[in-house]
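Visitor: Let me begin by handing over the structure; questions about it come next.
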Amino acid sequence: MAVFTSEEAVRLKFQLNDTTLVPSELVIQSIDDAHTELLRYLADEYAAAEPEDALVIGETLLAGAHVYRSLASGDAFKQRHVAIGGNRVREGERFESLTAIANLTEDLAWYTLEPYLEAESGRDVAGVTDSTPVLGEEE
Numbered sequence: 014m015a016v017f018t019s020e021e022a023v024r025l026k027f028q029l030n031d032t033t034l035v036p037s038e039l040v041i042q043s044i045d046d047a048h049t050e051l052l053r054y055l056a057d058e059y060a061a062a063e064p065e066d067a068l069v070i071g072e073t074l075l076a077g078a079h080v081y082r083s084l085a086s087g088d089a090f091k092q093r094h095v096a097i098g099g100n101r102v103r104e105g106e107r108f109e110s111l112t113a114i115a116n117l118t119e120d121l122a123w124y125t126l127e128p129y130l131e132a133e134s135g136r137d138v139a140g141v142t143d144s145t146p147v148l149g150e151e152e
């Protein structure tokens with residue numbers, strides 16, 4: 014299935030103009046990853062239809078979060094000055110800053126996508142199981 018967003022939309026939304034720092038391959042892979050993740054939770058009636066604007070924006074935001082996480086992990090290995098969309102991130106704080114931006118962007122993406130998701134999306138952090146007595150005692 015074709016993705017909902019485009020490289021151009023992601024670059025424009027996040028002002029990712031530096032193609033050396035943020036190569037096309039990274040943006041395209043982030044879009045593919047975001048789309049694959051979104052399809053796991055997307056309601057069937059939206060998966061086959063022409064995407065609404067909010068669905069495109071949501072996937073764009075989710076792809077942006079993937080780009081920021083990739084930049085954060087890459088920067089953890091090579092420390093150098095980074096400027097993204099006019100924002101300068103100092104050394105030593107870049108990983109935390111980029112990760113925080115990714116987390117906020119991902120939260121906004123899922124909030125935007127919420128009306129298009131299955132009622133029970135399964136995005137739980139942890140599943141709940143029945144309690145088992147530690148010492149073998151039953152209540």
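Number 152 marks the last residue of the sequence shown (our numbering); no jumps.
Cβ coordinates follow ideal geometry from the N, Cα and C atoms, glycine included.
So what does DSSP say about residue 116, is it helix, strand or coil?
Guide: Translated into positions along the sequence shown, residue 116 becomes position 103. Three-state result, residue 116: helix.
Visitor: Once you ignore the five residues that flank residue 199 on each side, which residues in its own chain have a CB closer than 6 angstroms to its CB?
Guide: Since the first and last residues shown for the chain are 14 and 152, residue 199 lies out of range.
Visitor: Using only the alpha-carbon positions, how far apart do residue 134 and residue 80 sit?
Guide: Counting from 1 along the sequence shown, the entry for residue 134 is found at position 121. Counting from 1 along the sequence shown, the entry for residue 80 is found at position 67. In this predicted model, residue 134 has a pLDDT of only 47, less than 50, meaning its place in the structure is not dependable; the value taken from the coordinates is given anyway. Using only the alpha carbons, I get a separation of about 23 angstroms.
Visitor: Helix, strand or coil: which one does DSSP assign to residue 74?
Guide: Along the sequence shown, read from residue 1 onward, the residue named residue 74 stands at position 61. Helix.
Visitor: Per DSSP, residue 100 is paired with what?
Guide: Taking the first residue of the sequence shown as 1, we reach residue 100 at position 87. BP columns for residue 100 point to 97.
Visitor: Could you compute how far the alpha carbon of residue 41 sits from the alpha carbon of residue 107?
Guide: Walking along the sequence shown from the start, residue 41 turns up at place 28. Walking along the sequence shown from the start, residue 107 turns up at place 94. For residue 41 and residue 107, the distance between alpha carbons rounds to 23 angstroms.
Visitor: Here's the rule I'm using: 16 or more other beta-carbon atoms within 10 Å means buried, otherwise exposed. How should residue 124 be labelled?
Guide: Taking the sequence shown and counting its residues from 1, one reaches residue 124 at position 111. It counts as exposed.
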